[in-house]
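Peer 1:
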Amino acid sequence: MNKNNNVSIGTHLKGHLREFGMLAALVVIMMFFQVLTEGTLMKPVNLTNLLLQNSYIIIMAIGMLLVIVAGHIDLSVGSVAGFIGALAAVMMVNYDLPMMLAVPICLAAGALIGAAQGYWVAYWKIPSFIVTLAGMLVFRGLTLALLEGQSVGPFPDTFQLLSTGFVPDVFGVKRPNMTAIGLGVVAALLIVWMAVRTRNRALKYGMDDEPFAVFVVKNLLIAAALIYISYLLATYRGYPNVLITMALLIVVYTFITNKTSLGRRIYALGGNEKAAKLSGINTERLTFLTFTNMGMLAALAGLIFAARLKTATPKAGFAFELDVIAAVFIGGASMTGGVGKVTGAVVGALIMGVMNNGMSILGIGIDWQQVIKGLVLLAAVIFDVYNKNKAH
Amino acid sequence: MQNLALEMRGITKTFPGVKALDQVNLSVRQGEIHAIVGENGAGKSTLMKVLSGVYPHGSYEGEICFENEVMAFSGIADSEEKGIIIIHQELALVPLLSIAENIFLGNEIVENGVINWPETYTRSTALLKKVGLREPASTHIGKLGVGKQQLVEIAKALSKKVKLLILDEPTAALQEDDSQKLLDLLLELKAEGITSILISHKLNEISRVADSITVIRDGTSVETMDCHAETISESRIVSGMVGRDMANRYPARDSRLGETLLEVSHWNVFHPERADRQMIRDLSLRVSAGEVVGIAGLMGSGRTELAMSIFGRSYGQKISGEVRLKGQLINTSTVKQAVESGLAYVTEDRKELGLILEENIIKNTTLVNLAGVTTNGVLDENEERRVSEEYKTSLKIRTPSVFQKVMNLSGGNQQKVVLSKWLFANPEVLILDEPTRGIDVGAKYEIYSIINQLADEGRGVLMISSEMPELLGMCDRIYIMNEGEFVGELASSEASQEKIMSMIVSA
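From first to last, the protein sequence lines stand for chains D and R.
All the letters of the first sequence, read from the start, carry residue numbers 860 to 1251 under the numbering used here.
All the letters of the second sequence, read from the start, carry residue numbers 484 to 990 under the numbering used here.
The following block contains the structure:
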């Protein structure tokens, strides 16, 4: 087995600097705030809050990643999320529509909004910056109009559970929540099992390019982190419902981007649209679909945010797009398209989230928080460009 | 013998992997019109870029002497200051600015940082009168035709006190009467003592105005002819342009032609933006199994437009005509349809249109035929890698690993990746557009061998090339194209560069 293994650990890590660098940065930032906040950051209740606070950003970052990889941008997501929250409130609070009906309608409305914007971008070649800037204004306005400038609420309890609910302990222990621990262990085992299987298949083709030591350490660390965090969450109230939603989305979209021709074509489209078109790829339809998908995920994020606040407010979703876009770029996506990973965007969103949370605990004002976040975004992108130039 | 205005001695310019210019000498006398002729890719434009400082001093070897002084230009601003002004084939005018603004762009008449508009317009009007353009100086450039824009470029050059004017194919896009006007203007400028260098393919124009002619071939200066000392016939120029040794540059192939594969008939295509401009005119062609068919023609003759319009209507509008494969009418209305019908098109511009430079060899190789590496809707990365390794071996792609990003490969290896991509789609007919452009000689030979192998496998190959020896060495049959039409068809046994060139220039 080691005959093929001519890649040293050092060169391998260097080659994957960006991937490991992102994760390492997240861990370092977490440890940094863990020390500064004297352990408050990793307290189960804070960790739970951190996940709840950032769930909608992470969900939108997944959609935004596809849009940015395709070579576009969507500035409207915050407004769309706010608008869908308002729509949900009007349907469920004012008209007493059941949740089972209102939620699908909201998701469809989000997809429709994304499709409407994607249509102009894809088929009329209008720059996405302009189209979605218009969308940002339009849906901010429509949110105000729909709510008549008032907050509308409270949402029915069942709807609030979307955001505030936890996966119950099926074993009846409650503290620690055994479901959470069990799911954590199962997920860790699943990840390790899949990694081993992939590696074995690659070996069968005589194609291992990851040193064995790196493989073992990497997977052990991931599994350990997963179980540890599950344990921490379990000592509070267990897995929040949104965590499950988020995990499912991350798995599904990672699969789509890495393992399907649909995903591959989106990267090709962003990498070189003309070459993709001349390779028989329907670039217009693909662009259209990424925007439709973005709209739907923005709607889902809007619902989760509204459920968390228990009411729909006219200011909901304000400036979300900036956090989402920043998360994707911190996560290593390229502004010119064609480069970026779902997991990168998620890690990027977590970095932003941990910094927000940590700085709030430390009592740093919103003014300096913005400054620091801005500098981190700039630093991440400079790091990227520097790496790229060095590679040439 | 008059004084020399310009002397370039032993100019050698190398690009990674390609020697574009090799010991080129050029002597231009004071006050003459000096024509430079040569095939596409012979190195004419590169030479002019060296002269004008686009390639700065130090990036080439050799010496430039202008008005008896050795020059070391570090940029185009330096050469302009000395009075050397180049007008490129693609005009460098800003369409949304007025004629006057364009003439003085980068060279504005200012007083204390503020533009003096009355002076600008007065001087522009005077310059326009001189070049014979009757348009108000306030007209937007975008409203002028190409011919008039060309005159604005010359006016701009005159505003900079030009001593040596270089025109790169100035009449390529012009109608006959506009061309005549331009040439008359050149003669007038000559009478005023301005020296010009004229790069052109149109030999009749050259014989009309040129005082001397330098022939460039394969990056070397072949000869300089003095038009006043002797009468230069067009055939003399043509043989100077094309005459070269062709032995052993092309691998041999036994042609075994099979049934007719591709048939295109009565093909008409119009310009994508200007619906009244017909780019391809009632053109028909056919390619048999095992046959390599060439299309010869100069740049702008419509070869790429023809290929792209056939391949998924990727170029043009109001396309009409029929495409048949093995006698069956096929749908080529989208690239996807064309690929599924069995066509492949290897573009002339592999970086812009052929490859995703940021991605590795694997992802580029499987892009067209992702279905071929997908099982149950999931991409099989190991299979993808196996396929890429296979093409790496069979096409001799030189790379440390198939995980290499294609932007790090040399031109020849990039071209092989593009070929892998299309071969993996298993087409019946391949259209190769300038398959060896920018590739060094050794890699060219390998590409030729691949083309021969494709033909031996019974595929049809339609090959577009600006290099005539390449067509003669590779093809069974050659169509000669000019201005959107085939003006001739020659079997390789009866074809020669002289015949092809004269068919093009006399059309």
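Using N, Cα and C, we set each Cβ at its ideal position, and we do this for glycine too.
Fair warning: this is a prediction, and the values are worked out from it, not measured in the lab.
Tell me, which residues are paired with Gln-761/R by DSSP?
Peer 2: The sequence position of residue 761/R within the second sequence is 278, counting from 1. Answer is Phe-753/R, bridged to Gln-761/R.
Peer 1: Is there contact here, the segment 899-909 of chain R with the segment 1148-1167 of chain D, by at least three beta-carbon pairs under 8 Å?
Peer 2: no
Peer 1: Restricting to Cα atoms, I'd like to know which of Asp-959/R, Lys-527/R, Arg-691/R, Lys-643/R is closest to Met-724/R.
Peer 2: Position 241 of the second sequence holds residue 724/R. If we check each option's Cα against that of Met-724/R, Lys-527/R comes out closest.
Peer 1: At a Cβ cut of 7 Å, what residues of the segment 1129-1140 of chain D count as close to chain R, listed as they run along the chain?
Peer 2: Listed in sequence order: Gly-1130, Asn-1131, Lys-1133, Ala-1134, Lys-1136, Leu-1137, Ser-1138, Gly-1139.
Peer 1: Listing by chain order, which chain D residues have their CB less than 8 Å from the CB of Lys-809/R?
Peer 2: The sequence position of residue 809/R within the second sequence is 326, counting from 1. Going along chain D, no residue has its Cβ under 8 Å from Lys-809/R, so there is no contact; the nearest lies around 21 Å.
Peer 1: If you measure between the beta carbons of Leu-955/R and Val-889/R, is that distance less than 8 Å?
Peer 2: The count along the second sequence starts at 1 and reaches residue 955/R at position 472. The count along the second sequence starts at 1 and reaches residue 889/R at position 406. Pairing Leu-955/R with Val-889/R gives a Cβ-Cβ distance that is not under 8 Å.
Peer 1: Whose CA, out of Leu-647/R, Ile-689/R, Asn-814/R, Ala-790/R, lies closest to the CA of Asp-667/R?
Peer 2: Your numbering for residue 667/R matches position 184 in the second sequence. Nearest C-alpha to Asp-667/R: Ile-689/R.
Peer 1: Keeping to the same chain, check which residues put their C-beta closer than 8 Å to that of Ile-934/R; ignore five residues upstream and five downstream.
Peer 2: Sequence index remark: in the second sequence, residue 934/R carries index 451 (1-based). Val-775, Leu-915, Pro-918, Val-944, Met-946, Met-957.
Peer 1: Given a cut-off of 8 Å, decide if Val-928/D and Val-1183/D are closer than it, judged by their beta-carbon atoms.
Peer 2: Residue numbering aside, residue 1183/D sits at position 324 when the first sequence is read from its first letter. Residue numbering aside, residue 928/D sits at position 69 when the first sequence is read from its first letter. No, they are not a contact pair.
Peer 1: Out of Leu-913/R, Gly-783/R, Lys-879/R, which has the shortest C-alpha to C-alpha gap to Tyr-928/R?
Peer 2: As a first step, residue 928/R must be located in the second sequence, where it is residue number 445. Closest by alpha carbon: Lys-879/R.
Peer 1: Evaluate Pro-1035/D with the Cβ neighbour count: other Cβ atoms within 10 Å of its Cβ, from every protein chain shown; 16 or more gives buried, anything less gives exposed.
Peer 2: Here the question's residue 1035/D lines up with position 176 in the first sequence. When all chains shown are included, Pro-1035/D counts as buried.
Peer 1: May I have a chain-ordered list of the beta strand (DSSP E) segments no shorter than 3 residues that lie completely inside the segment 497-523 of chain R?
Peer 2: 501-512, 516-520
Peer 1: Between the alpha carbons of His-623/R and Ile-682/R, how many angstroms are there, rounded?
Peer 2: Here residue 623/R is taken as the residue at index 140 of the second sequence, counted from 1. Here residue 682/R is taken as the residue at index 199 of the second sequence, counted from 1. Taking the straight line joining both Cα atoms gives about 28 Å.
Peer 1: Pro-1099/D by DSSP, collapsed to three states: which one?
Peer 2: Stepping through the first sequence from its first residue, residue 1099/D is reached at position 240. The answer is strand: DSSP assigns Pro-1099/D an E or B state.
Peer 1: Figure out for me which residue from Phe-1018/D, Phe-892/D, Ala-1192/D, Met-1153/D has the closest Cα to the Cα of Ser-956/D.
Peer 2: Sequence index remark: in the first sequence, residue 956/D carries index 97 (1-based). First, the amino acid is wrong: residue 956/D is Leu here, not Ser. Per the Cα distances, Phe-1018/D.
Peer 1: Counting only the same chain and skipping the five closest in sequence on each side, list residues whose C-beta sits under 7 Å from that of Pro-539/R.
Peer 2: Counting from 1 along the second sequence, the entry for residue 539/R is found at position 56. The answer, listed in chain order, is Phe-556, Ser-557, Gly-558.
Peer 1: What residues from chain R crowd round Lys-1118/D, counting only those whose CB sits closer than 7 Å?
Peer 2: Counting from 1 along the first sequence, the entry for residue 1118/D is found at position 259. Going along chain R in sequence order, the residues near Lys-1118/D (Cβ under 7 Å) are Val-861, Leu-862.
Peer 1: When you compare only the Cα positions, how much space is there between Lys-1200/D and Gly-810/R?
Peer 2: On the first sequence, position 341 is the one that residue 1200/D refers to. On the second sequence, position 327 is the one that residue 810/R refers to. Going by the C-alpha atoms only, they are around 47 Å apart.
Peer 1: Rounded to the nearest angstrom, what separates Phe-879/D and Phe-1242/D at their Cα positions?
Peer 2: Sequence index remark: in the first sequence, residue 879/D carries index 20 (1-based). Sequence index remark: in the first sequence, residue 1242/D carries index 383 (1-based). The alpha-carbon atoms of Phe-879/D and Phe-1242/D are separated by roughly 13 Å.
Peer 1: Which residue from Gly-783/R, Leu-768/R, Gly-773/R, Ala-609/R puts its Cα closest to that of Gln-761/R?
Peer 2: Numbered from its first residue, the second sequence carries residue 761/R at position 278. Minimum Cα distance to Gln-761/R is reached at Gly-783/R.
Peer 1: Please name the residues in the segment 917-934 of chain D whose beta-carbon is closer than 8 Å to at least one beta-carbon of chain R, in chain order.
Peer 2: none
Peer 1: Along the segment 1187-1214 of chain D, where does the CB come closer than 7 Å to a CB of chain R? Name the residues.
Peer 2: Gly-1197, Val-1198
Peer 1: When you compare the CB positions of Thr-882/R and Ile-844/R, do they come within less than 8 Å of one another, or not?
Peer 2: Taking the first residue of the second sequence as position 1, residue 882/R is located at position 399. Taking the first residue of the second sequence as position 1, residue 844/R is located at position 361. It is a contact, given that the beta carbons lie within the stated cut-off.
Peer 1: Helix, strand or coil: which one does DSSP assign to Tyr-1112/D?
Peer 2: If you number the first sequence from 1, residue 1112/D lands on position 253. Helix.
Peer 1: Taking the alpha-carbon of Leu-913/R as reference, which of Ser-989/R, Ser-771/R, Gly-780/R, Val-970/R has the nearest alpha-carbon?
Peer 2: Looking up residue 913/R in the second sequence gives position 430. It is Ser-771/R whose Cα lies nearest to the Cα of Leu-913/R.
Peer 1: Looking only at DSSP bridge pairs, what is Cys-548/R linked to?
Peer 2: Working through the second sequence from its first residue, we reach residue 548/R at position 65. DSSP lists Glu-490/R, Val-553/R as partners of Cys-548/R.
Peer 1: Which residues, taken in chain order from the segment 686-707 of chain R, show a beta carbon closer than 8 Å to some beta carbon of chain D?
Peer 2: none
Peer 1: Beta carbons nearer than 9 Å to chain R: which residues of the segment 1030-1061 of chain D have them?
Peer 2: Thr-1057, Arg-1060, Ala-1061
Peer 1: Do you know offhand how far Glu-1069/D's Cα is from Leu-1042/D's?
Peer 2: Translated into the one-based positions of the first sequence, residue 1069/D becomes position 210. Translated into the one-based positions of the first sequence, residue 1042/D becomes position 183. Note on geometry: alpha-carbon atoms of Glu-1069/D and Leu-1042/D lie some 28 Å from one another.
Peer 1: Which whole-angstrom value describes the C-beta separation of Ser-748/R and Glu-805/R, a residue pair presumed to lie in contact below a C-beta threshold of 8 Å?
Peer 2: Locating residue 748/R in the second sequence gives position 265, where the first residue counts as 1. Locating residue 805/R in the second sequence gives position 322, where the first residue counts as 1. The Cβ separation is near 5 Å, so the contact holds.
Peer 1: Pull the bridge partners of Asp-651/R from the DSSP assignment, please.
Peer 2: Looking up residue 651/R in the second sequence gives position 168. Beta-bridge pairing links Asp-651/R to Ile-682/R.
Peer 1: Would the beta-carbon of Leu-1092/D fall within 8 Å of that of Ala-1046/D?
Peer 2: The sequence position of residue 1092/D within the first sequence is 233, counting from 1. The sequence position of residue 1046/D within the first sequence is 187, counting from 1. Result no, Cβ atoms of Leu-1092/D and Ala-1046/D do not sit closer than 8 Å.
Peer 1: Name the chain D residues whose beta carbon is nearer than 8 Å to that of Val-851/R?
Peer 2: One-based indexing of the second sequence puts residue 851/R at position 368. Result: Ser-1138, Gly-1139.
Peer 1: Touch check for the segment 1104-1118 of chain D and the segment 1077-1091 of chain D: three-plus C-beta pairs under 8 Å?
Peer 2: no
Peer 1: Specify whether the segment 565-572 of chain R and the segment 534-552 of chain R touch according to this definition: at least 3 beta carbon pairs, one from each stretch, less than 8 Å apart.
Peer 2: yes
Peer 1: In whole angstroms, give me the CA-to-CA distance for Leu-971/D and Leu-1049/D.
Peer 2: Against the first sequence, residue 971/D aligns to sequence position 112. Against the first sequence, residue 1049/D aligns to sequence position 190. Cα to Cα, Leu-971/D sits roughly 36 Å from Leu-1049/D.
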